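Asker: Pasting a structure below so you can have a look.
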Amino acid sequence: MKKLGVAVIGTGFWGRNHARIYKELKETELLAVCDIDAEKAKTVAKQFDVTPYTSIGKMLKRKDIEAVSICTWSTSLAKEAIKALKAGKHVLVEKPMAANVNQAEKLLKTTDKEGLHIMVGFLMRFIPGLQHIKKAIETKTLGEIVCATSKRVSQWPERIGDVGVVKDTAIHDIDIMRHLFSEDPIAVYAKAGSMRHKKFEDYAQIMLTFEGGKCAFIESNWLTPYKTRILTVTGSSSIMKLDYITQELTIESMKETVQPRYPWQEPLKLELQHFANCVLGKEKPLITGLDGLKALMIAEAALKSSATGKVVKLKN
Ligand SMILES: NC(=O)c1ccc[n+]([C@@H]2O[C@H](COP(=O)([O-])OP(=O)(O)OC[C@H]3O[C@@H](n4cnc5c(N)ncnc54)[C@H](O)[C@@H]3O)[C@@H](O)[C@H]2O)c1
1045 MKKLGVAVIG TGFWGRNHAR IYKELKETEL LAVCDIDAEK AKTVAKQFDV TPYTSIGKML
1105 KRKDIEAVSI CTWSTSLAKE AIKALKAGKH VLVEKPMAAN VNQAEKLLKT TDKEGLHIMV
1165 GFLMRFIPGL QHIKKAIETK TLGEIVCATS KRVSQWPERI GDVGVVKDTA IHDIDIMRHL
1225 FSEDPIAVYA KAGSMRHKKF EDYAQIMLTF EGGKCAFIES NWLTPYKTRI LTVTGSSSIM
1285 KLDYITQELT IESMKETVQP RYPWQEPLKL ELQHFANCVL GKEKPLITGL DGLKALMIAE
1345 AALKSSATGK VVKLKN
């Protein structure tokens, strides 16, 4: 079987996981890693027996590298992704894809021009329980969808990021709400603020409204002493709850409560396997660059709503 030659750019906490998984997958061959921090690049390269680089340009000249994961800081994701696309590489870019909508639009333009694959790291979509909920909405086994709420809260992160909690954390839930409702919200109202972070918001409550009065509520913060990541979807005939951490799914109806069992699976592994199979022409992309851009647009509208105290209407 032909393996896809891959490399990872940014070998911090998350990039190391990409490197490990590419090494494990039967579809991919990890060939190199790159980090501006030479020590990090060397350590990770040694761990996985591949070549370290500190210069992206030099690494991207390699013809055997066909696709890359971009796992640098959020504010440099788009810039590095554009370099990779211009060098002819398919790209898996971590969320939030870019620091802002302008950068994301430039990235999408380059992707179109180069005619290559781009996927954004919205790995929650690959959790089997989430896919069960999505199917139950589509087939109406849950009845008509009424609302969805999510809570993604935890302690202050160890690594101080370069974007706030909305673009770093709530962006996962913004993407999941678009995915579950199969449409874009028409308006956003949000309250966000900062209790501990000097530069960025560290808590946010976001309400998205969809056509016909359906709603989504997103709560996210870096101020809670324990880590919780849950989703509740209310339909006219049942309620579905997913714990993103344990991946337990609970379905409650008037008649019964059931817990369909899915074996726990590493979402990042499912995501990178799907990315490789898309590039190899075996699967159709579940996530596009446009999904990344739209999630960022909603995130920016939420921040604008919070700053102005007004509902922000979205043009779809
Ligand atoms: N999808 C998810 O659930 C998920 C989870 C964690 C992190 N992430 C994303 O992954 C990215 C990295 O997060 P992290 O926690 O690993 O951060 P980190 O600070 O641990 O690592 C970032 C690494 O990138 C390197 N770097 C920065 N700019 C670079 C450049 N231009 N070229 C090469 N290397 C560069 C840094 O030296 C560092 O080693 C972020 O965008 C974050 O949002 C996504």
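Going by the working numbering, the first residue of the sequence shown is number 1045, and it counts up by one from there.
Just so you know, even glycine gets a beta-carbon here, dropped at the ideal spot from N, CA and C.
Owing to the predicted nature of the structure, the values given are computational and were not obtained by experimental measurement.
#1: Taking the beta strand (DSSP E) that residue 1273 falls in, what are its first and last residues?
#2: When burial is assigned at 16 or more other CB atoms within 10 Å of the CB, is residue 1309 buried or exposed?
#3: Just checking, does the segment 1248 to 1264 make contact with the segment 1218 to 1232 on the three C-beta pairs under 8 Å criterion?
#4: Going along the chain, which residues of its own chain have a beta-carbon closer than 8 Å to the beta-carbon of residue 1324, five neighbours each way excluded?
#5: Quick one: what's residue 1261 bridged to in DSSP?
#6: Given a cut-off of 8 Å on the beta-carbon distance, is the pair residue 1320 and residue 1236 in contact?
#7: Under a criterion of Cβ closer than 6 Å to any non-hydrogen atom of ligand 1, which residues qualify, in chain order?
#8: Expressed to the nearest angstrom, what Euclidean distance is found between the alpha-carbon atoms of residue 1159 and residue 1211?
#9: Does the Cβ-Cβ distance between residue 1318 and residue 1334 come in under 8 Å?
#10: Helix, strand or coil for residue 1134? Go by DSSP, reduced to three states.
#11: Does the Cβ-Cβ distance between residue 1418 and residue 1053 come in under 8 Å?
#12: Which residue from 1298, 1106, 1227, 1065 puts its Cα closest to that of residue 1132?
#13: Taking residue 1055 as the reference, which of 1311, 1079, 1068 has the closest Cα?
#14: If I'm right that residue 1077 touches residue 1051 with Cβ under 8 Å, what's the distance once you round it to whole angstroms?
#15: Less than 8 Å between the CB atoms is what I'm expecting for residue 1316 and residue 1136, so what's the real figure, rounded?
#16: Excluding the 5 residues flanking residue 1176 on each side, which residues of the same chain have their C-beta closer than 7 Å to its C-beta?
#17: Determine the DSSP secondary structure at residue 1355, reduced to helix, strand or coil.
#18: Go through its chain and collect everything with a Cβ distance to residue 1289's Cβ below 6 Å, but skip five positions before and after it.
#19: For the beta strand (DSSP E) containing residue 1049, list its first residue and its last residue.
#20: Ends of the beta strand (DSSP E) at residue 1014?
#21: What do you reckon, is the C-beta of residue 1101 under 7 Å from a heavy atom of ligand 3?
#22: Which of helix, strand or coil does DSSP assign to residue 1179?
#23: Quick one, are the C-beta atoms of residue 1207 and residue 1349 less than 8 Å apart?
#24: Please report the straight-line C-alpha distance between residue 1144 and residue 1098, rounded to a whole angstrom.
#25: Quick one: complete beta strand (DSSP E) runs, 3+ long, within the segment 1045 to 1131?
#26: Ordered along the chain, which non-local residues of its own chain (more than five positions away) have a Cβ less than 6 Å from that of residue 1276?
#27: Grab me the residues of residue 1306's own chain with a C-beta within less than 8 Å of its C-beta, minus the 5 sequence neighbours each way, in chain order.
#28: Among all the DSSP beta bridges, which residues are the ones paired with residue 1287?
#29: Nearest-angstrom Cα distance between residue 1141 and residue 1165?
#30: Short of 7 Å in beta carbon distance, which residues of its chain neighbour residue 1138, apart from the five on each side in sequence? Order them along the chain.
Answerer: Result, derived from the coordinates:
#1: 1272 to 1279
#2: exposed
#3: yes
#4: 1046, 1048, 1071
#5: 1193, 1251
#6: no
#7: 1053, 1054, 1055, 1056, 1057, 1058, 1059, 1078, 1079, 1080, 1081, 1084, 1100, 1115, 1116, 1117, 1118, 1120, 1121, 1124, 1138, 1139, 1165, 1167, 1203, 1212
#8: 27 Å
#9: no
#10: strand
#11: In the structure as shown, the chain begins at 1045 and stops at 1360. Residue 1418 is therefore absent and cannot be evaluated.
#12: 1106
#13: 1079
#14: 6 Å
#15: 7 Å
#16: Excluding residues within five positions, the ones whose Cβ falls inside 7 Å are 1293, 1304.
#17: coil
#18: 1273
#19: 1048 to 1053
#20: No information on residue 1014 is available, as it lies outside the stretch 1045 to 1360 that the chain covers here.
#21: Ligands displayed in this structure: ligand 1; ligand 3 is not among them.
#22: helix
#23: Contact: no.
#24: Approximately 26 Å between the Cα atoms of the pair.
#25: 1048 to 1053, 1072 to 1078, 1095 to 1097, 1111 to 1114
#26: Within its own chain, the residues whose Cβ lies closer than 6 Å to the Cβ of residue 1276, once the five positions on either side in sequence are excluded, are 1193, 1285, listed in chain order.
#27: 1172, 1173, 1176, 1291, 1293
#28: 1274
#29: 8 Å
#30: 1058, 1114, 1115, 1121, 1165
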